[in-house]
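All remarks here apply to the structure that follows.
There are 2 protein chains.
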Amino acid sequence: MCELLGMSANVPTDICFSFKGLRERGGRTGPHKDGWGVAFYNKKGVNTFKDPNPSHDSEIANLVSDYPMKSCAVLAHIRQANRGRISLENTHPFTRELWGRYWTYAHNGQLSEYKDLPYGPFTPVGTTDSEYAFCYLLSELANHYPNRAYSRKAAFRFIQKKANKLHQRGVFNMLLSDGDYLLAYCSTKLYWITRRAPFSVARLSDLDVDIDFTQHTTIDDVVTVIATEPLTNNEQWKKMQPGEGILFKLGEVVVKSGG
Amino acid sequence: MCELLGMSANVPTDICFSFKGLRERGGRTGPHKDGWGVAFYNKKGVNTFKDPNPSHDSEIANLVSDYPMKSCAVLAHIRQANRGRISLENTHPFTRELWGRYWTYAHNGQLSEYKDLPYGPFTPVGTTDSEYAFCYLLSELANHYPNRAYSRKAAFRFIQKKANKLHQRGVFNMLLSDGDYLLAYCSTKLYWITRRAPFSVARLSDLDVDIDFTQHTTIDDVVTVIATEPLTNNEQWKKMQPGEGILFKLGEVVVKSGG
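Those sequence lines, one after another, are chains A and B.
With UniProt numbering, letter number 91 in the first sequence gets 91, and the count goes up by one each step, no holes.
With UniProt numbering, letter number 224 in the second sequence gets 224, and the count goes up by one each step, no holes.
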């Protein structure tokens, strides 16, 4: 299996603290050593860093841990391969362009009969069940709205319905973003927390590191973090329910459904 | 304008030496300070590093200069903005998936009436003439071969014909790769060099750095580098002709046409 990490914020925020915790699970405190990746949106652009090597001792992960890249929408993944060999093309997150936007996605879980999923115009490059499912979701979306969806909220509602179908084929926890919205879909396990004023100190579970958010934020900041397992051990994370989807934008919940 | 750098090799080879020279032109020895990017293929996967900041003092460029990422197909770009503001979404190279492969592209030049270029299913995310032209090329390719091209050589031949049309609209020097093949198209300026045994010492033009390739290669290695301006000052680079396209694979010329 794998682990997911997402962030939605109302001001460009770096993810160094959370990523420092997550990357330890990629070969040190956890078994997810078969590659990792992270995508940072900056307006309509997206910057993705990927490495098929374990995150805990990756040179590229050192850069991501230490160099604060600020973003309002981030998604990250550490991989423990089940379907598809260890390789760059099988490393999450995956990205495709649709309607003049980059859509980025990462998956935790395992699907059966994924090769039967219809896809086109989007085609998998690698061999993971995850990328097949992503191509299926975006292809369904593109085919359902040949002239683009009348709103992006409608597009995400449509994706959530299709995610319910994938949930029936196995384990399908996933994050999907277009740079503004971030959809978190829970099949078995996903937690989230929204940090806002008054901020306090948070302590990582996987590393002897804490951060005093009062030193790094202003009173108006709203930052939501989503993760497979809580990343801190002194905060209350909310547990999502199987079949639940939450659509975030600028750190706030926009729509909650299912579950 | 901008500068291009490409590499095609028959063994995974790093591009640290050439990139060290190129990045200096992004704000120090050259005016191309409006962002930079580089894409490294690893089999069917592609790893892209981009930054809208000047390459000569970019943290991300430090990683690319110092950490040898090995690849058989690389393309890089440093930008001096003319069409489209300085932003991540306007930073080259651009990537799209078609037929289960990632196609990556970078452009040097300036096109007139680029907004008239027909595109779809691929849509620009940013506002550069370069990305419009890329979406035009891939859309024409996808529409011409609805069930994919019978060979990738045929696909690149088709792209070259369309590149000739873009050449008539302004300046269109470009690099385009699917990970195996790399097409270099010259509208005004592009140079290339193939290094093979017996290897010797090369000296950068932009920095007091030289490299003894005999220490880094085996007798069978073939490495071609393509650049807007020669990157070394003690080697013979070949100048491409306006309208000329060269398709490389594994460091060797596969097809040369036009010019």
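Cβ atoms here follow ideal geometry from the backbone N, Cα and C, with glycine treated the same way.
Since we're looking at a predicted model, the values are computed, not measured.
Coil, strand or helix - residue i by DSSP
| i | result |
| --- | --- |
| A202 (chain B) | strand |
| H167 (chain B) | helix |
| Q80 (chain B) | coil |
| I86 (chain B) | coil |
| V64 (chain A) | helix |
| I159 (chain A) | helix |
| Y132 (chain B) | helix |
| L2 (chain A) | A small correction: the amino acid at residue 2 (chain A) is Cys; Leu does not occupy that position in the sequence shown. Reduced to three states, the DSSP call for C2 (chain A) is coil. |
| A197 (chain A) | coil |
| E140 (chain B) | helix |
| F122 (chain A) | coil |
| Q215 (chain B) | helix |
| L250 (chain B) | coil |
| G45 (chain A) | strand |
| E97 (chain A) | strand |
| H56 (chain A) | helix |
| G21 (chain A) | helix |
| D51 (chain A) | strand |
| K153 (chain A) | helix |
Residue i at chain B interface by Cβ criterion, 9 Å
| i | result |
| --- | --- |
| N63 (chain A) | The residue asked about is misnamed: residue 63 (chain A) is Leu in this sequence, not Asn. Taking Cβ atoms only, chain B reaches closer than 9 Å to L63 (chain A), which makes this a yes. |
| L88 (chain A) | yes |
| Y185 (chain A) | no |
| W36 (chain A) | no |
| L98 (chain A) | yes |
| G251 (chain A) | no |
| P118 (chain A) | no |
| T188 (chain A) | no |
| F172 (chain A) | no |
| F158 (chain A) | no |
| G126 (chain A) | yes |
| P121 (chain A) | yes |
Alpha carbon of residue i to alpha carbon of residue j, nearest angstrom
| i | j | result |
| --- | --- | --- |
| V44 (chain B) | Y181 (chain B) | One point to set straight first is that residue 44 (chain B) is Lys, not Val, in the sequence displayed. Those two C-alpha atoms are separated by around 12 Å. |
| P146 (chain A) | D212 (chain B) | 55 Å |
| R25 (chain A) | V74 (chain A) | 18 Å |
| S65 (chain A) | P198 (chain B) | 42 Å |
| C135 (chain B) | F122 (chain B) | 5 Å |
| N82 (chain A) | Q110 (chain A) | 8 Å |
| T29 (chain B) | I193 (chain B) | 22 Å |
| E3 (chain A) | Q236 (chain A) | 19 Å |
| H77 (chain A) | E131 (chain A) | 13 Å |
| K161 (chain B) | I219 (chain A) | 57 Å |
| E59 (chain A) | L141 (chain A) | 37 Å |
| A133 (chain A) | V255 (chain A) | 22 Å |
| T127 (chain B) | D206 (chain A) | 42 Å |
| D178 (chain A) | W103 (chain A) | 5 Å |
| R196 (chain A) | P54 (chain A) | 32 Å |
| L5 (chain B) | M1 (chain A) | 39 Å |
| K238 (chain A) | A202 (chain A) | 15 Å |
| L22 (chain B) | Q80 (chain B) | 13 Å |
| Q215 (chain B) | V171 (chain B) | 39 Å |
| A149 (chain A) | G35 (chain B) | 32 Å |
| K70 (chain A) | R152 (chain A) | 24 Å |
| V11 (chain A) | D221 (chain A) | 6 Å |
| residue 292 (chain A) | L247 (chain A) | In this structure chain A extends from 1 to 259, so residue 292 (chain A) is not present and cannot be described. |
Exposed unless 16 or more other CB atoms sit within 10 angstroms - verdict on residue i
| i | result |
| --- | --- |
| H56 (chain B) | buried |
| Y191 (chain A) | buried |
| R85 (chain A) | exposed |
| K249 (chain A) | buried |
| H32 (chain B) | buried |
| E113 (chain B) | exposed |
| P118 (chain A) | exposed |
| V107 (chain A) | Per the sequence shown, the amino acid found at residue 107 (chain A) is His instead of Val. H107 (chain A) is buried by the Cβ-count criterion. |
| N143 (chain A) | exposed |
| N233 (chain A) | exposed |
| V209 (chain B) | exposed |
| S18 (chain B) | buried |
| S257 (chain A) | exposed |
CB contact check: residue i to chain A, cutoff 9 Å
| i | result |
| --- | --- |
| K50 (chain B) | yes |
| K43 (chain B) | yes |
| P230 (chain B) | no |
| A142 (chain B) | yes |
| E59 (chain B) | yes |
| P12 (chain B) | no |
| R83 (chain B) | no |
Neighbour flag for residue i against chain C, beta carbons, 9 Å
| i | result |
| --- | --- |
| P93 (chain A) | Within the model displayed, chain C is absent; protein chains A and B are what it includes. |
Any chance the stretch 47-61 of chain B sits against the stretch 182-197 of chain B, with 3 or more Cβ pairs inside 8 Å? Contact fails between the stretch 47-61 of chain B and the stretch 182-197 of chain B, because fewer than three Cβ pairs, one in each stretch, are under 8 Å apart.
Between the stretch 91-105 of chain A and the stretch 112-132 of chain B, do at least 3 Cβ pairs fall closer than 8 Å? Under the three-pair Cβ rule at 8 Å, the stretch 91-105 of chain A counts as touching the stretch 112-132 of chain B.
Is the stretch 154-167 of chain B touching the stretch 212-231 of chain B, taking contact as three or more C-beta pairs under 8 Å? Contact between the stretch 154-167 of chain B and the stretch 212-231 of chain B is absent, because fewer than three Cβ pairs lie under 8 Å.
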